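Residue numbers (my numbering): 618 to 1219. Backbone N, C-alpha and C define an ideal beta-carbon position, used for all residues, glycine too. Keep in mind it's a predicted model, so treat the numbers as computed, not measured. Notes follow the structure.
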Amino acid sequence: MDKVIGIDLGTTNSCVAIYEGGTAQVIPNTEGSRTTPSMVAFTPDGQRLVGSIAKRQAVANPQSTVFAAKRMIGRKLKSPEVQRMQLTAPYKIAAADNGDAGVVVHGRRYSPQEIGAFVLRQLRDAAQEYLEQNVADAVITVPAYFDDAQRQATRDAGRLAGLNVLRVINEPTAAALAYGIGAEASGTIAVYDLGGGTFDISIMDFSQGVFQVKATHGDTFLGGEDVDARLVDLLMDDFGRETGLDLHNDPVALQRMRDAAERAKMELSSIEETEISLPFLTADTSGPKHLRRVLTRNELEGLVQDLIESTIEHCRDAVSAAGIGVEQITDVLLVGGMTKMPAVQRAVANFFGRQPNRSVNPDEAVAVGAAIQGAILSGDVGEVVLLDVVPLSLGIETSGGMMTKLIQRNATVPCSLTEVFTTSDDYQPLVNIHVLQGERPLAVDNTSLARFELVGIPPALRGVPKIEVVFNIDANGILSVSARDLGTKREQQVRVRATSGLTEANIERILAEAEQFQDADRVNVELQELRRRIQGLIYTTERSLAESANYLTETELGQIRMDLEVARRAADAADVQLIQNALRELEKSAFRITEVMYRDFT
Ligand code: AMP
């Protein structure tokens, strides 16, 4: 099999690696850097720039330089995540016809997949140059909380870049592979990933080379850029105090400050004190103005203590969601450039009560792990089974607007589940399969992933047809749903492309809502249950009434018809008490019919 590259397609930076000669190595890009900014710029003269070269010209060309496209991948424009991006992104974000978020530059629309593809192509080219051979196969990583649409979209980005994406694996799982975790018998690890724009904490179990994500938490808007922003605020204030000038609306000065802030932050990871110097930052009538300031590590740490503390809060939540105590964690792995900051390492060590493992460069761990997974697939490395879990339950809408779960939250993938359903109406010619994801009992409260119809069901009374529904999640976490009429063998299936993205924040919100609305949901479930019972009773009463009407007196008939009418109305009402009363009365009528039917035999 050909060489398989491993790619970490990051929000801020991306990295490519290959397994060669018994180890995984990072492939430098054409400029010699080991990571490549995930940025794509379009110049007025029609050139497309990718990576560091795009980053360098961002100051002068902010509206046509796209960064952090990963935040939009597989998401709708209306999703809170994209709405939030829209507030700050200097480039134009707009919806495609299907509502998916994308960007518009020089009047041309680009999907986040296309932007991702430009970055991926750059990494593929670097790999081809380095290996002096064509590269087609790749393993790409995604955050553990990425839903089906986001995984599909990432695969599509790979395809657009001319790559054959063999696997999409979770970033923390890749990191664990990079750190050589899994060779030991078993254990529980925490992967703390603080990058440029996002923070993730994952708790994973491993046993005999099998990894399983127990819990993931984080914040999709917390990372190194927030630290840089705090520093920029400090510089702005200082400069304003000294010169009386406000540079907030000067994009070039702002970008120079951002660059200087990031550089100073990085330097302060290895030295205690640094000088920020920005000559000719601006000018007024009195002449040019320069910025010069000494910054200490202590000052920086004081500025961002609360940000670091908030990552630790997420760690606390993740550990408790995993149902373990911190002392059960056997290793803590650091991923993401920001984990080089000593204050971050200290906070992590404090919380977990152990020194984090720093044996792999945190910028490169994910790509290295992806390359190892590539080598496993190509047979260069012995098999390590990778198991990830479904972040939210999956199921279908069933009668009464309920969600019936087929795959429970936290089920390990790959997995498959089959259940047989039936029709809810007589002579129902088709069934509507509505695929849902979420934790609430009512379908409307969950995320709709897809709908499809299975047609051509032969005429039959309700409850007779047998429709087999199969949910299958492959090793990439991608869901296929099929429905088969066991009578006619007719079958329909979909590979689910979610209609909306679920961010980690979404997932947390959904879980919190499920808890919050527990009582209200219980009433709704009771209501739906009563409705189902009363509709069933109306149906059977009508049928037996048709068969035994001749044996009933006019008074009995009148009473039963009235009870039926009251029951029909009650079935449409959202009133538990009303339905219960109607049900009781109708049950009496139903018993009366049964009595009459058997009267002659007693
Ligand atoms: P990543 O998204 O993993 O590439 O991480 C990028 C973030 O890490 C950016 O915010 C960088 O400024 C930050 N970073 C990289 N190197 C260092 C360092 N030595 N010290 C502190 N932050 C760093």
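>> Would you say the beta carbon of T652 is closer than 7 Å to some non-hydrogen atom of the ligand AMP?
In response: yes
> Where I693 and I806 are concerned, what is the direct C-alpha to C-alpha distance, given to the nearest angstrom?
Replying inline: Sequence check: residue 693 is Lys here, not Ile. If you take the alpha carbons of K693 and I806, they lie about 33 Å apart.
> Would you call S1206 buried or exposed, if buried means 16 or more other Cβ atoms sit within 10 Å of its Cβ?
Replying inline: buried
> Under a three-way DSSP split, which group does D754 fall into?
Replying inline: strand
> Where in the stretch 777-858 do unbroken runs of the alpha helix (DSSP H), each at least 4 residues long, occur, reported from the N-terminal end onward?
Replying inline: 788-795
> Going by C-alpha distance, which of G1080, A1187, K1083 and L1011 is nearest N1063?
Replying inline: L1011
> Just checking my contact of T653 with G668 at CB under 8 Å: how many whole Å lie between their CB atoms?
Replying inline: 4 Å
> In its own chain, which residues sit with a C-beta less than 8 Å from the C-beta of D843, not counting the 5 before and 5 after it?
Replying inline: V921 and L924
>> If you measure between the beta carbons of V756 and P789, is that distance less than 8 Å?
In response: no
>> I'd like the span of the alpha helix (DSSP H) that includes L1203, first residue to last.
In response: V1193 to Y1215
> Exposed or buried, what is A711 when buried is set at 16 or more other beta-carbons lying within 10 Å of its beta-carbon?
Replying inline: exposed
>> Given this structure, state the Cα-to-Cα distance separating R1101 from V1061, to the nearest angstrom.
In response: 25 Å
>> I need the straight-line Cα distance from A1191 to M1019, nearest angstrom please.
In response: 15 Å
>> According to DSSP, is L1103 part of a helix, a strand, or is it coil?
In response: coil
> What does a CB cutoff of less than 7 Å around V759 pick up in its chain, not counting 5 residues either side in sequence?
Replying inline: Q767, R768, T771, V785, N787 and E788
> If we ignore side chains and look at the alpha-carbon of each, how far apart do V943 and V965 end up?
Replying inline: 11 Å
>> Let me check you understand the geometry: is the CB of D980 closer than 7 Å to at least one non-hydrogen atom of the ligand AMP?
In response: yes
> How would you call P1046, buried or exposed, if buried means at least 16 neighbouring beta carbons within 10 angstroms?
Replying inline: exposed
> Going by other Cβ atoms of all chains shown within 10 Å of its Cβ, with 16 needed for buried, is R741 buried or exposed?
Replying inline: buried
>> Using only the alpha-carbon positions, how far apart do A1187 and I1095 sit?
In response: 42 Å
> Looking at C-alpha atoms only, which residue of V683, V752 and Q750 is the closest neighbour of S728?
Replying inline: V683
> Going by the C-beta, is S927 closer than 7 Å to any heavy atom of the ligand AMP?
Replying inline: no
> For the candidate residues L895, S803, V1081 and L885, whose alpha-carbon lies nearest to that of D876?
Replying inline: L895
> So, using beta-carbon positions, are E636 and D980 closer together than 8 Å?
Replying inline: The question names Glu, yet the displayed sequence has Tyr at residue 636. Not a contact, by the Cβ cut-off of 8 Å.
>> Judging by CA-CA distance, which residue of T902, G812, S819 and A832 is the nearest neighbour of E879?
In response: G812
>> Just checking M958 against the ligand AMP - is the residue's beta carbon closer than 7 Å to any of the ligand's heavy atoms?
In response: yes
> When burial is assigned at 16 or more other CB atoms within 10 Å of the CB, is D714 buried or exposed?
Replying inline: exposed
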